[in-house]
Structures are given as structure tokens and as C-alpha cells.
Amino acid sequence: MSDLAAEIKALIIESLNLEDLTPADIDTDAPLFVDGLGLDSIDALELGVALQKRYGLSLSAESDETRKHFGSVASLAAFVAANRSK
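Going by UniProt numbering, the first residue of the sequence shown is number 1, and it counts up by one from there.
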């Protein structure tokens with residue numbers, strides 16, 4: 001697992017208060033929403049804010065492209081690596 005993917009997993013756990021999970025419990029390639037981790041739209045909003053603060057990203061909640069980036073930890077890590085300013 002890449003360091004960035006591990007960081008994002010830790011950020012998911014921290015920002016969404018998922019104390020019963022560890023980064024190892026989150027599959028890097030599994031869906032974050034519905035199936036997989038089972039996050040919902042409120043979780044997406046909270047995670048988006050955490051990503052903006054941590055990595056200086058610019059995200060649009062209305063963008064289909066943003067939705068694709070939130071598909072899995074792997075897709076989030078690729079997006080962060082390509083777009084972070086911090």
C-alpha cells in the first residue's frame with residue numbers, strides 16, 4: 001500500500017469517527033460508498049472538507065469527475081497526488 005493511500009485511510013477513519021476500523025480494514029480498491037465501506041452523502045461531504053484542509057484540494061460537489069475520484073481509496077490517492085497543493 002502506498003504511503004498516500006495509508007494517509008487517506010487514516011484521514012477517513014479520523015474525519016468520520018470510525019474508531020472501530022483500522023487502515024488495514026479498509027480495502028484500497030473497494031468502493032467507499034454503498035457497497036464496500038458503506039459511506040453516505042454526509043460522509044462524502046465531511047471527507048471532502050477533510051481532504052481540502054489536509055491537501056489544499058479544490059473539489060466541486062456537483063462534478064461527476066469528483067464523484068469518480070471518491071470511488072475508492074486508490075482513486076482518491078491518485079486524485080490527491082495529481083492535485084494537492086500542500
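For glycine and all other residues, C-beta sits at the position ideal for the given N, C-alpha and C.
Residue environment, residue i, which counts as buried when at least 16 other CB atoms sit within 10 Å
| i | result |
| --- | --- |
| Ser-72 | buried |
| Val-49 | exposed |
| Ala-10 | exposed |
| Ala-77 | buried |
| Ile-8 | buried |
Coarse secondary structure for residue i, derived from DSSP in three states
| i | result |
| --- | --- |
| Phe-70 | coil |
| Leu-59 | coil |
| Leu-18 | coil |
| Leu-45 | helix |
Close-in-space but distant-in-sequence residues of the same chain around residue i (CB under 6 Å, 5 per side omitted)
| i | result |
| --- | --- |
| Thr-22 | none |
| Leu-51 | Leu-57 |
| Ser-85 | Gly-56 |
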